[in-house]
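Reading through the structure tokens given below for one structure.
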Amino acid sequence: MNKLIIIGFAATLIGCSSSTYLSGTSAVSTVTMNTVVNSEIEVDTTKTLTGQSTTTITFGVFRDGDNVFSDAYNKSGVGAKECSAAVYKALNGSGFDVIVNPKYVIQQKKSLFTRQTTAKVTGYGGKIKIKL
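If you're matching positions, the sequence shown starts at 147 in the numbering used here and goes up one per residue.
Put into structure tokens, the structure is as follows:
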């Protein structure tokens with residue numbers, strides 16, 4: 147009987163883990179404009195921008211994680227909020243306007259009572275230059 151209890155307890159401590167790798171063409175939101183804007187993006191390939199965000203959900207109710215997001219990541223699904231927060235962290239204070247050629251890595255770890263999602267974004271910084 148004791149062996150059955152120990153095996154049952156050990157089975158509850160075992161968790162699952164999964165990873166997702168995504169890439170996109172750019173981290174710019176879709177904007178509809180009525181005027182033509184003549185601009186170009188200057189990409190700095192000498193410096194790589196990186197941002198990471200982690201969210202932990204306990205008992206399916208209590209959420210602990212970032213609460214500042216970028217509107218540049220406009221997808222939905224697993225890790226969408228974390229990706230948005232990671233983009234914000236990568237761009238905040240960098241002096242760049244967009245992330246060019248972003249690569250996203252999403253990892254999700256599940257256990258009996260918690261689910262932890264981590265997203266990391268890496269890409270080049272770009273500045274939008276408007277030509278007059």
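The beta-carbon is built from N, C-alpha and C at its ideal position, and this holds for glycine as well. Note that the structure is a prediction, hence the values are computed from the model and not measured.
- Isoleucine 245 sits away from alanine 231, with the two beta carbons spaced by 8 Å or more.
- Between valine 233 and threonine 263 the beta-carbon gap is near 15 Å, outside 8 Å, which marks them as no contact.
- Cβ-Cβ distances below 7 Å link phenylalanine 205 to Phe259 in the same chain, with the five nearest sequence neighbours on each side left out; the list follows chain order.
- In terms of Cβ geometry, lysine 255 and glutamate 188 do not form a close pair [threshold 8 Å].
- A distance below 8 Å separates the beta carbons of isoleucine 276 and valine 183.
- The Cβ neighbour count for leucine 278, taken over all protein chains shown within 10 Å, is under 16; the residue is labelled exposed.
- Scanning the stretch 185-234 for uninterrupted beta strand (DSSP E) segments of 3 residues or longer gives 185-204, 208-210, listed from N- to C-terminal end.
- Looking from the CA of tyrosine 270, the closest CA among Ile203, Lys193, Ser185, Thr181 belongs to Lys193.
- The beta carbons of threonine 196 and lysine 266 sit about 7 Å from each other, so the pair counts as a contact at 8 Å.
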